[in-house]
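Chemist: After the structure tokens below, expect a handful of questions from me.
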Amino acid sequence: MILDMIVNSKTEDHKATETQLFLDMLMMVALGGREIEEYEWKKIFTEAGFTTYKATHGTGVHSLVELYP
1 MILDMIVNSK
11 TEDHKATETQ
21 LFLDMLMMVA
31 LGGREIEEYE
41 WKKIFTEAGF
51 TTYKATHGTG
61 VHSLVELYP
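For the record, in the sequence shown the residue sitting at position 27 is 27 according to full-length UniProt numbering, with numbers rising by one throughout.
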């Protein structure tokens, strides 16, 4: 299980998108990194040998991801 932020570019919640983009900018400036979108997570999971996953998006910016072998 993974608890992390998954950027959801398809959301209609503009406040959540604004928060995600702010955190992305903060991470990029302060740590040299960025948040990644769900399709990028899917590629990582597949390359790691997992066959499927289930992402449950919460009301905040974090999501719970369940990975299956």
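Where is the CB? At the ideal position from N, CA and C, for every residue including glycine.
Does DSSP put E38 in a helix, in a strand, or in coil?
Modeler: Helix, per DSSP.
Chemist: Can you name the start and end residues of the beta strand (DSSP E) that V65 belongs to?
Modeler: Segment H62 to Y68, the beta strand (DSSP E) holding V65.
Chemist: Assign D13 to one of three DSSP states: helix, strand, or coil.
Modeler: Note: D13 maps to coil in three-state DSSP.
Chemist: Report the option in F22, K54, P69 and D13 whose CA atom is closest to the CA atom of E35.
Modeler: Residue F22 is the option with its Cα nearest to E35.
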